[in-house]
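K.L.:
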Amino acid sequence: MPHLNLGENRQIYYELIDGDQNRPHLVFLHEGLGSTAMWKKFPHLLCQQTGCPGIVYDRLGYGSSSPLPAPMTLHYLHSYALLELPDVVARLIPERDYILIGHSDGGSVGLIAAAEKPSRLKGFIGEAAHVFVEKETLAGIRATTDTFNGGGLRGLFRYHGDKTEGLFKAWSDIWLSEGFKHWNIEYALPSIECPVLLVQGTEDNYGTVAQVDAIAAKVPDARKAMVEGCAHVPHHEMTDVVLRLMAEFVEGLTA
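Per this note's numbering, residue 10 is the first one in the sequence shown, and the count goes up by one each step.
#1: According to DSSP, what are the bridge partners of Val208?
#2: On the DSSP letters alone, give me the boundaries of the beta strand (DSSP E) that Phe37 sits inside.
#3: Kindly confirm or deny that the segment 122 to 135 and the segment 191 to 204 touch, where touching means at least three C-beta pairs closer than 8 Å.
#4: Please identify the residue among Phe37, Ser73, Tyr89 and Asn158 whose C-alpha is closest to the C-alpha of Asp171.
#5: Let's see if you can read the secondary structure: which residues bound the alpha helix (DSSP H) around His53?
#6: Taking its Cβ as the centre, do 16 or more other Cβ atoms sit within 10 Å of Phe37, making it buried, or is it exposed?
#7: Per DSSP, what kind of secondary structure is Gln220 in: helix, strand or coil?
#8: Between the Cα of Ala240 and those of Arg232, Arg151, Asn214 and Ala225, spot the shortest distance and give me the residue it belongs to.
#9: Taking only three categories from DSSP, how would you classify Gly116?
#10: Give me the DSSP bridge partner(s) of Tyr66.
#11: How many angstroms separate the CA atom of Leu252 from the CA atom of Leu54?
#12: Looking at the unbroken beta strand (DSSP E) that takes in Asn158, where does it start and where does it end?
#13: Sorted by chain position, which residues of the same chain lie with C-beta nearer than 6 Å to Leu51's C-beta, five sequence neighbours on each side aside?
#14: Tell me whether the segment 10 to 30 and the segment 56 to 64 touch, counting them as touching only if at least three CB pairs, one residue from each stretch, are closer than 8 Å.
#15: Can you name, in chain order, every residue of its own chain whose Cβ lies under 6 Å from the Cβ of Ser117, other than the five neighbours on each side?
#16: What do you reckon, are the CB atoms on Tyr71 and His39 nearer than 8 Å?
#17: Is there contact between the segment 90 to 103 and the segment 118 to 125, where contact requires at least three CB pairs shorter than 8 Å?
#18: Do you know offhand how far Arg32's Cα is from Ala197's?
#19: Please state whether the Cβ-Cβ distance between Leu206 and Ile224 is less than 8 Å.
#20: Exposed or buried, which one is Glu136 when buried takes at least 16 other CB atoms within 10 Å?
#21: Please classify His84 as buried or exposed, where buried requires at least 16 other C-beta atoms within 10 Å of its C-beta.
#22: Can you look up Lys190 in the DSSP assignment and give me helix, strand or coil?
What follows is the structure, given as structure tokens:
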């Protein structure tokens with residue numbers, strides 16, 4: 010399995026997807042309990058449909074990457090966005106154009122990264138991205154935590170192995186902490202200069218349309234795409250619809 014050595018015992022697992030090297034790379038950022046494998050076939054389908062090459066990787070603490078060296082902090086998403094992601098991009102696709110595609114936590118990571126105005130970033134697609142904490146977010150996480158603590162969600166062990174319990178606790182504890190109630194990245198949104206597509210299910214159990222509206226109101230070039238009847242993972246729940254939305258957006262950036 011290919012790994013990128015970021016130093017200090019940090020090994021990042023990644024997969025490369027073939028495509029036209031003259032087109033931007035699609036860089037996929039997984040959700041808060043996700044991994045490369047949990048994207049399933051979607052990255053390959055989108056790369057195939059757009060002709061773009063792709064990168065899918067496990068953030069530190071996830072999947073086949075190294076375990077978290079310490080508990081998550083209030084700034085864990087900023088750390089992934091401002092330290093890890095630029096390092097991965099610089100090492101795997103130096104001097105190449107790219108488009109970020111982030112789901113849930115990965116969407117928040119992508120927004121924070123885009124606000125830094127990377128010179129090679131051509132666009133961002135956010136799926137169920139968070140920019141602040143809603144009561145619906147906390148209710149969804151509490152329900153997920155109760156399920157996991159009650160013996161459910163055992164499928165996560167297939168993707169994260171012996172890191173699963175520690176990862177779940179780190180993620181759940183930080184989101185449900187008193188300090189994280191005030192987490193908010195709206196301040197960064199006006200700095201995003203690249204085109205943005207926002208995809209969200211109308212039945213998302215971790216956030217409402219207020220998330221999408223807040224981003225669209227503050228990002229200069231943003232468009233919304235609400236997917237009717239979808240919950241938190243539209244790319245699996247309505248794959249064909251989401252593929253079309255994302256492929257059309259990518260095509261508009263590369264035409």
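Beta carbons are placed, not taken as given, at the ideal position from N, Cα and C, and that holds for glycine. Only a predicted model underlies this, so the values are computations on that prediction, with no experimental measurement involved.
P.N.:
So, from the listed chains and residues:
#1: Glu136 and Ala234
#2: His34 to Leu38
#3: yes
#4: Ser73
#5: Phe51 to Thr59
#6: buried
#7: helix
#8: Asn214
#9: helix
#10: Tyr23
#11: 8 Å
#12: Unbroken run through Asn158 is the alpha helix (DSSP H), Lys144 to Asn158; no beta strand (DSSP E).
#13: Sequence inspection shows Phe at residue 51; the Leu mentioned does not correspond to that position. If we look at Phe51 and ignore the five residues flanking it on each side, its Cβ neighbours are His244.
#14: yes
#15: Leu86, Ala138 and His139
#16: yes
#17: yes
#18: 28 Å
#19: no
#20: buried
#21: exposed
#22: helix
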